[in-house]
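Plus 15 on top of the position in the sequence shown (first one is 1) and you've got the working numbering.
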Amino acid sequence: MSKAIDSHGDYPHGSMMRPIDLHVHSTRSDGTFSPAQLVDYAMEKGLAAFALTDHDTVDGLAEALDYARHLKNSDNARNVPEVVPGIEFSTEYQGKDIHILGLYIDFHHKAFLKQLQEFVDSRDNRNRKMCQLLQEHGIPVTYETLLAQFPGAVITRAHYAKYMLNHGYIKSMKEAFERYIDDNGPCYVPREKVTPEQAVKLILAADGIPILAHPILYHMSDERLDTLTAALKEAGLIGIEAIYSTYNTAEERQIRSLASKYNLLVSGGSDFHGANKPGLDLGVGYGKLFVPYAVLNDLKQTCK
């Protein structure tokens, strides 16, 4: 398990009643808070821990961990949240975009970093092709311009939409997707993706805990979701996101049942993106989310 920051010790009594959030994004992918700002905001929200799980990158982890370590050595030590080093892989399964979270990853692992670099190279090629298509459709944007406007970020379709909105080419982020860059849009280029099983094994190789993220969002039949979960369990899946911002009571019960069937641990998080997901807040989602610290305790036991 990669070393994380915990100002209260391994099993802090003071943290047991405080919430956690194990699905959070920063400016290093498509969030609007920097990694350090997330630490400050997690303190403000009273979180005992949060996992930084940017899309296909670990670039923000050192900043978040170092900043939390700095705070821990200051007068604010009692309120510093544990920072769980993580990632969210975008994978493909039978034509669907499936996300696999990795928690407590060793983000210095050489083979892991080599695979990530291959993802980056593939993403760069895809983004250059999308920029070319947008130019052909009257949007004068280059990949270099996007990188300059969003420094340090992993460029996603949300960045394209924000660029077009900022420069007056569209009237809303939604319009960018509908007219240009949704899955069936004229300027969309699919990116080469790993399979969910490959992501699970890559996370395990980096001493991490693989989690199937927000399964309800895939809109699969119960049978198809069961088949996917069984295959991922066979590949080494350890947990499933059963507590999530958009779930209703029945949906949470369904995923908890699936976790029980396949002997998977439960995980939970808001999928916080800052201003890029209006109304969705860190730790509480749309207002009713609560992920207890016991969830993190259970996950920690797998690392021992």
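All residues carry an ideal CB built from backbone N, CA and C; glycine is no exception.
Small disclaimer: the values here were computed from a predicted structure and weren't measured.
Which runs of the beta strand (DSSP E) at least 3 residues long sit entirely within the segment 181-230? Give them in chain order. 224-227
Please tell me whether residue 103 and residue 114 are closer than 8 Å, where the distance is taken between their beta carbons. Within the sequence shown, residue 103 is the residue found at index 88, counting from 1. Within the sequence shown, residue 114 is the residue found at index 99, counting from 1. For residue 103 and residue 114, yes; Cβs fall inside 8 Å.
Coarse secondary structure for residue 64, derived from DSSP in three states: In the sequence shown, the residue the question calls residue 64 occupies position 49. If DSSP states are grouped into helix, strand and coil, residue 64 belongs with the strands.
Residue 38 in three-state terms, based on DSSP: If you number the sequence shown from 1, residue 38 lands on position 23. If DSSP states are grouped into helix, strand and coil, residue 38 belongs with the strands.
Backbone secondary structure at residue 300 - three-state DSSP: For the purposes of this step, residue 300 is taken as the residue at position 285 of the sequence shown. In the structure shown, residue 300 sits in a strand (DSSP, three-state: E or B).
Give the C-beta separation of residue 169 and residue 69 to the nearest angstrom, bearing in mind that I take them to be a contact with Cβ-Cβ under 8 Å. Looking up residue 169 in the sequence shown gives position 154. Looking up residue 69 in the sequence shown gives position 54. Correct: roughly 7 Å between the Cβ atoms.
Measuring alpha carbon to alpha carbon, tell me which residue in 127, 222, 297, 145 is nearest residue 67. Reading the sequence shown from its first residue, position 52 is the one you call residue 67. Checking every option, the nearest Cα to that of residue 67 belongs to 297.
Residues that residue 161 bridges to, as DSSP identifies them: Counting from one through the sequence shown, the residue named residue 161 turns up at place 146. According to DSSP, residue 161 bridges with nothing at all.
For residue 111, write down the residues that DSSP places opposite it in a beta bridge. Reading the sequence shown from its first residue, position 96 is the one you call residue 111. Beta-bridge pairing links residue 111 to 108.
Quick one: what's got a C-beta closer than 8 Å to residue 50's C-beta in the same chain, skipping five residues either side? Counting from 1 along the sequence shown, the entry for residue 50 is found at position 35. Around residue 50: 41, 42, 43, 67, 75, 76, 78, 79, 82.
Taking the straight line between their C-alpha atoms, what separation do you get for residue 248 and residue 125? The count along the sequence shown starts at 1 and reaches residue 248 at position 233. The count along the sequence shown starts at 1 and reaches residue 125 at position 110. Each residue's alpha carbon lies about 25 Å from the other.
Less than 8 Å separating the beta-carbons of residue 314 and residue 282? Locating residue 314 in the sequence shown gives position 299, where the first residue counts as 1. Locating residue 282 in the sequence shown gives position 267, where the first residue counts as 1. Contact flag set, yes.
Between residue 27 and residue 120, what straight-line distance do the alpha-carbon atoms span, to the nearest angstrom? Taking the first residue of the sequence shown as 1, we reach residue 27 at position 12. Taking the first residue of the sequence shown as 1, we reach residue 120 at position 105. At residue 27, the pLDDT of 47 sits below 50, so the modelled position is not reliable; the number obtained from the coordinates is stated separately. Cα to Cα, residue 27 sits roughly 21 Å from residue 120.
Simplified DSSP assignment, three categories, for residue 275: Numbered from 1 along the sequence shown, position 260 holds the residue referred to as residue 275. DSSP places residue 275 in helix when its eight states are reduced to three.
Name the two residues that bound the continuous alpha helix (DSSP H) containing residue 308. Here residue 308 is taken as the residue at index 293 of the sequence shown, counted from 1. Run containing residue 308: 308-316, per the alpha helix (DSSP H) assignment.
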